[in-house]
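Participant:
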Amino acid sequence: MVLSKAVSESDASLHSTFASRYVRTCLPRFKMPDNSIPKEAAYQIINDELMLDGNPRLNLASFVTTWMEPECDKLIMSSINKNYVDMDEYPVTTELQNRCVNMIAHLFNAPLGETETAVGVGTVGSSEAIMLAGLAFKRRWQNKMREQGKPFDKPNIVTGANVQVCWEKFARYFEVELKEVKLRDDYYVMDPEKAVEMVDENTICVAAILGSTLNGEFEDVKRLNDLLVEKNAETGWDTPIHVDAASGGFIAPFIYPELEWDFRLPLVKSINVSGHKYGLVYAGIGWVIWRNKEDLPDELIFHINYLGADQPTFTLNFSKGSSQIIAQYYQLIRLGFEGYKSIMENCQENAMVLKEGLEKTGRFNIISKDNGVPLVAFSLKDHSEHTEFEISDMLRRFGWIVPAYTMPPDAQHVTVLRVVVREDFSRTLADRLVVDISKVLHELDTLPARLSAKKTVSEENGMSVAAVDAEHEVTRKITDAWRKFVLDKKKTQENIHKKDAKNVLKDKQYMPIW
588 MVLSKAVSES
598 DASLHSTFAS
608 RYVRTCLPRF
618 KMPDNSIPKE
628 AAYQIINDEL
638 MLDGNPRLNL
648 ASFVTTWMEP
658 ECDKLIMSSI
668 NKNYVDMDEY
678 PVTTELQNRC
688 VNMIAHLFNA
698 PLGETETAVG
708 VGTVGSSEAI
718 MLAGLAFKRR
728 WQNKMREQGK
738 PFDKPNIVTG
748 ANVQVCWEKF
758 ARYFEVELKE
768 VKLRDDYYVM
778 DPEKAVEMVD
788 ENTICVAAIL
798 GSTLNGEFED
808 VKRLNDLLVE
818 KNAETGWDTP
828 IHVDAASGGF
838 IAPFIYPELE
848 WDFRLPLVKS
858 INVSGHKYGL
868 VYAGIGWVIW
878 RNKEDLPDEL
888 IFHINYLGAD
898 QPTFTLNFSK
908 GSSQIIAQYY
918 QLIRLGFEGY
928 KSIMENCQEN
938 AMVLKEGLEK
948 TGRFNIISKD
958 NGVPLVAFSL
968 KDHSEHTEFE
978 ISDMLRRFGW
988 IVPAYTMPPD
998 AQHVTVLRVV
1008 VREDFSRTLA
1018 DRLVVDISKV
1028 LHELDTLPAR
1038 LSAKKTVSEE
1048 NGMSVAAVDA
1058 EHEVTRKITD
1068 AWRKFVLDKK
1078 KTQENIHKKD
1088 AKNVLKDKQY
1098 MPIW
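Counting in my numbering, the sequence shown runs from 588 upward without gaps.
#1: For residue 744 versus residue 790, is the C-beta distance shorter than 8 Å?
#2: Tell me, please, whether the stretch 1003–1018 touches the stretch 757–768 by the rule of three or more beta-carbon pairs shorter than 8 Å.
#3: With DSSP as the reference, please indicate the residues paired to residue 829 in a beta bridge.
#4: Looking at residue 828 and residue 811, is the spacing between their C-beta atoms short of 8 Å?
#5: Candidates 686, 702, 699, 724: which alpha carbon is nearest residue 708's?
#6: Who pairs with residue 910 in a beta bridge, going by DSSP?
#7: According to the neighbour-count rule (16 or more other Cβ atoms, all chains shown, within 10 Å of its Cβ), is residue 885 buried or exposed?
#8: Closest to residue 867 by CA distance: which of 882, 874, 837 is it?
#9: Mind pulling the alpha helix (DSSP H) runs of 4 or more residues that sit fully within the stretch 666–713?
#10: Is there contact here, the stretch 976–983 with the stretch 1026–1034, by at least three beta-carbon pairs under 8 Å?
#11: Taking residue 664 as the reference, give the member of 909, 938, 943, 975 with the closest Cα.
#12: Report the residue ranges of all beta strand (DSSP E) runs contained in full by the stretch 729–811; include only those spanning at least 3 residues, in chain order.
#13: Taking the straight line between their C-alpha atoms, what separation do you get for residue 962 and residue 843?
#14: Using only the alpha-carbon positions, how far apart do residue 621 and residue 615 sit?
#15: Quick one: is residue 971 buried, meaning 16 or more other Cβ sit within 10 Å of its Cβ, or exposed?
#16: Leaving aside the five residues before and after residue 960 along the sequence, list all residues of the same chain whose C-beta is less than 7 Å from its C-beta, in chain order.
#17: Cα-Cα, which of 647, 651, 644, 947 is closest to residue 870?
#18: From the DSSP output, in three-state form, read off residue 617 for me.
#19: What does a CB cutoff of less than 7 Å around residue 923 pick up in its chain, not counting 5 residues either side in sequence?
#20: For residue 716 and residue 873, which I take to be in contact (beta-carbon distance under 8 Å), what is that distance rounded to the nearest angstrom?
#21: Pull up the distance between the alpha-carbon of residue 1000 and that of residue 993, whole angstroms please.
#22: Within 10 Å of its beta-carbon, does residue 772 have 16 or more other beta-carbons around it, so buried, or fewer, so exposed?
#23: For residue 1176, which residues in the same chain have their Cβ closer than 7 Å to its Cβ, ignoring the five residues on either side in sequence?
#24: Please report the Cβ distance between residue 989 and residue 1008, rounded to the nearest whole angstrom; I am assuming they are in contact, meaning their Cβ atoms lie under 8 Å.
#25: What are the boundary residues of the alpha helix (DSSP H) that includes residue 978?
#26: Just to confirm my understanding: we take residue 998, look at its own chain, exclude 5 residues before and 5 after, and list those with CB closer than 7 Å. What are they?
#27: Are the CB atoms of residue 996 and residue 749 within a distance shorter than 8 Å?
#28: Which residue comes first and which comes last in the beta strand (DSSP E) that contains residue 846?
#29: Spell out the partners DSSP gives residue 898 in its beta bridges.
#30: Measuring straight from C-alpha to C-alpha, what distance separates residue 911 and residue 703?
#31: Reducing DSSP to helix, strand and coil, say where residue 929 ends up.
#32: Would you decide whether residue 657 is buried or exposed? Buried here means 16 or more other CB atoms lie within 10 Å of its CB.
#33: Going by the DSSP bridge assignment, what does residue 612 pair with across the sheet?
#34: What are the boundary residues of the beta strand (DSSP E) that includes residue 967?
#35: Please list, in chain order, all residues of the same chain as residue 584 whose beta carbon is under 7 Å from its beta carbon, the five residues on each side excluded.
#36: Less than 8 Å between the C-beta atoms of residue 901 and residue 719, yes or no?
Rendered as structure tokens:
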């Protein structure tokens, strides 16, 4: 959901040059128009505005898939009008979801017998998957505490401070205390020892991240499991683990098969993964898999029959499209283990090419690890003249969308740039990005270089300490002004667009019908 806001009067209507051959009056932006317009005009108006969006292929901030094969695109379009929840009407789609659940469960080494069916469900993304897994943990903990005659009104969950915001949403929406393990310099994931120290009798689970959003690093789930086994034995508790494998769940099985992070560990009771990330499907599909039926309380599952037959459902929403589920099944059978392995290895190799190119500039520290999600997180070695935010902003001139952000507590003084390497990010693009980053650094160097030269000349001329300090203050003010200029640039461009819009509206009275 995007929170909307009001705008000025100059933004209250839409204009389109091409649509003027059909429409002579401007369309209201925030109210439904009184009259219909031709389909060609509606298409053109919307298409014109969408041209101002960024290029998804160059959006290096996102883990989400931006390219699929044309054959899969056809399947998506042919099923776009199918409501997945109508299981009785679309039984084959339901069967494809069940196949996906079982394939992913086997990929995660779920302890299933020969004829046993996996327990899991498709979701609209890992956020919903995490909500469902969290609710299952909370309900199991409440039932256990109720049976023991103990209070069950203050549940908590232990995570690292590097978790994605959906964990904070779960804690706030479902009234669960979030106990976060703080980060520290050079250690930007959850420390298993500190996490286990924070566990108490009210802890419904410990959430481990397989592929941190911040730097792509895999948390040590094996170490966490071993420590929790010891603590559970000492205390008599049975604190479980959930693995948030949103990014790493479709990576680790293929390029790190010996890494123990999944259902091979006895305390891992559920795992979520994003099909729309390295599952290689367009946005809108996630999965949550439980170890066995006992880990998903029956009272959370609803049964409905008003769509034609008895249907069990455990989701936060009801209606949703079938396209992404069908697309996931396409990728699983089209690529197979061999295909996924090849793609993930290629992504990792391209990430290493990018990392080496950035290291050769001599300007950056690499924050990400070689083993993990194929991404490169990096920060400037010298922050006295530039910031990562300036680099991020100036890269947009070349079409690149590279995010800059600060680390969570207690590493919030560290600022990072991050490039996510997806299937469609080629080695050629990696080389091109390094070249463009070098250009940006060169441009940013010009202003500070002149200031530094001025300072050196002043010192050589024997200026007093007070005069040198004054020069430092001038440098700081000019640098601050430059930063303000960069941040205000978008606002200035918006004002120009508003002025142009007024002129268009004024001229439109005299525009003929084409």
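Note that beta-carbon positions come from the ideal geometry of N, C-alpha and C, so glycine has one too.
Since the model is a prediction, treat every value here as computed from it, not as a measurement.
Facilitator: Put simply:
#1: The answer is yes: Cβ separation under 8 Å.
#2: The answer is no - the stretch 757–768 does not touch the stretch 1003–1018, with fewer than three Cβ pairs under 8 Å.
#3: Residue pairing by DSSP puts residue 829 in a beta bridge opposite 794, 857.
#4: In contact: residue 811 and residue 828 (Cβ atoms closer than 8 Å).
#5: Closest by alpha carbon: 686.
#6: Per DSSP, none; premise fails for residue 910.
#7: Taking a 10 Å sphere around the C-beta of residue 885, we find fewer than 16 other C-beta atoms and assign the residue as exposed.
#8: Answer by Cα proximity: 837.
#9: Secondary structure in the stretch 666–713: the alpha helix (DSSP H) runs of 4 residues or longer, each lying completely within the stretch, are 678–694 in chain order.
#10: Yes, the stretch 976–983 is in contact with the stretch 1026–1034.
#11: Per the Cα distances, 909.
#12: The beta strand (DSSP E) runs of length 3 or more contained entirely in the stretch 729–811 are, from start to end of the chain, 743–747, 764–768, 790–796.
#13: Spanning the alpha carbons of residue 962 and residue 843 requires a straight line of approximately 16 Å.
#14: For residue 621 and residue 615, the gap between their C-alpha atoms comes out near 9 Å.
#15: Its Cβ having fewer than 16 others within 10 Å, residue 971 is exposed.
#16: 798, 803, 834, 835, 838, listed in sequence order.
#17: Out of 647, 651, 644, 947, the CA that lies nearest to the CA of residue 870 is found in 651.
#18: Three-state result, residue 617: coil.
#19: Correct list: empty, nothing qualifies.
#20: With a Cβ gap of about 4 Å, residue 716 and residue 873 count as contacting.
#21: Those two C-alpha atoms are separated by around 7 Å.
#22: By the neighbour-count criterion, in which 16 or more other beta carbons inside 10 Å mark a residue as buried, residue 772 falls on the exposed side.
#23: Nothing about residue 1176 can be reported from this structure: the residues present for the chain run from 588 to 1101 only.
#24: Incorrect: roughly 12 Å between the Cβ atoms, too far for contact.
#25: Per DSSP, residue 978 belongs to the alpha helix (DSSP H) from 975–982.
#26: Taken in chain order, the residues that qualify are 770, 771, 772, 775.
#27: Here residue 749 is not near residue 996, since their CB atoms are 8 Å or more apart.
#28: Note, residue 846: premise wrong, no beta strand (DSSP E); not H, not E.
#29: Answer is 891.
#30: Annotation: residue 911 to residue 703 spans about 25 Å, alpha carbon to alpha carbon.
#31: Residue 929: helix per DSSP, three-state reduction.
#32: Result: exposed.
#33: DSSP lists no partner for residue 612.
#34: Run containing residue 967: 962–967, per the beta strand (DSSP E) assignment.
#35: This structure cannot speak to residue 584, because the chain is shown only from 588 to 1101.
#36: Residue 901 places its beta carbon less than 8 Å from that of residue 719.
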